[in-house]
Amino acid sequence: MGLIMLSNDVFAKALLQRAESKHISVDNLKLQKLTYYCQGYHLAIYKEPAFDGEICAWEHGPVVSELYNTYRGFGSTCIISQADTDYFSEISESVQHIVDWVLETYGRVGSWTLRNKTHQERPWLSHYDSETCKADNRVITHTELQSFFKENLVAAQDSYLAALLDSVESEAIDVPEHIQNEDQFYAWIMDDSQS
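Going by the UniProt record's numbering, the sequence shown opens with residue 1, and the numbers climb by one from there.
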């Protein structure tokens, strides 16, 4: 028996509850972008979607149309979670980790800034016609998302590692060339600490 895929509705409720618990305001536009980032990073890390439902390339970026329609009544105002159920505790640990990371990384970024960011990213750009200045409203596939976000993670990891190495190198102590073994090193350190 296979696992039942998390519905995009339950996923959105869990994300909204978690955002609310962290005092992060989320309107419908921001919900769409946070959902896109969660799905993309979950695909990149776990090689499976976080939730069911398709993400499409709309005029204002990636959108899960079912979620957009569910929350469109809020307009550009903050969505208030009114669920009595603790949806966040009911989702898988892998999805919880992704939601927490995405909220930590993008949760305090404004809706329109996130919208503009997604317009610079390949999954949406590959569905955008620069001549007509229109997105094609078609599905951004899991393959497209996984490929982009995997590359994004590798680039971030490489950047972090480079910064870490730079930090280590700047704090490194030059050991004299005449030090050839542990005893000489210990004697040199002890002598240096006495000075």
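Glycine included, every Cβ here is placed at the ideal spot set by N, Cα and C.
{"query": "Top-ranked residue by Cα proximity to residue 200, from GLY40, LYS22, ASN69, THR113", "result": "Only positions 1 to 195 of the chain appear in this structure, which leaves residue 200 out of reach."}
{"query": "Spatial neighbours of TYR128 in its chain, beta-carbon cut-off 6 Å, leaving aside the 5 residues before and after", "result": "ALA135"}
{"query": "As assigned by DSSP and simplified to three states, the class of GLY53", "result": "coil"}
{"query": "As assigned by DSSP and simplified to three states, the class of ASP129", "result": "strand"}
{"query": "CB contact flag (LYS33, LEU114, <7 Å)", "result": "yes"}
{"query": "Status (buried if at least 16 other CB within 10 Å, exposed otherwise) for GLN120", "result": "exposed"}
{"query": "Three-state class that DSSP yields for GLY2 in the structure shown", "result": "Residue confidence is low: GLY2 scores 44 on pLDDT, short of 50, so the model does not pin down where it sits. No coordinate-derived value is stated."}
{"query": "For GLY61 and ILE140, the rounded distance between their alpha carbons", "result": "11 Å"}
{"query": "Option nearest TYR37 by Cα separation, candidates TRP188, CYS56, ILE98, ASN116", "result": "ILE98"}
{"query": "Extent of the continuous beta strand (DSSP E) to which GLY61 belongs", "result": "61-63"}
{"query": "Of the listed residues SER65, ILE45, LEU103, LEU153, nearest to CYS56 (C-alpha basis)", "result": "SER65"}
{"query": "SER76 versus PHE51, ASN116, ASP27, residue with shortest Cα-Cα distance", "result": "ASP27"}
{"query": "Pairwise C-alpha distance: TYR186 and GLN17", "result": "56 Å"}
{"query": "Every unbroken beta strand (DSSP E) inside the UniProt domain \"Antitoxin SocA-like Panacea\" (31-124) [3 residues or more]", "result": "55-58, 61-63"}
{"query": "Nearest to THR132 (by Cα), restricted to the options PHE74, TRP101, VAL95, GLU59", "result": "GLU59"}
{"query": "Where the alpha helix (DSSP H) containing SER7 begins and where it ends", "result": "Taken as a continuous stretch (DSSP letters only), SER7 belongs to no alpha helix (DSSP H), as it is neither H nor E."}
{"query": "Environment of GLY2 [buried if 16+ CB atoms lie within 10 Å]", "result": "Because the pLDDT of GLY2 is 44, which lies under 50, any placement of that residue in the model is unreliable, and the number read from its coordinates should be weighed accordingly. The residue is exposed, with fewer than 16 neighbouring Cβ atoms inside 10 Å."}
{"query": "Distance, ASP9 Cα to residue 199 Cα", "result": "It is not possible to answer for residue 199, since the shown part of the chain is limited to 1 through 195."}
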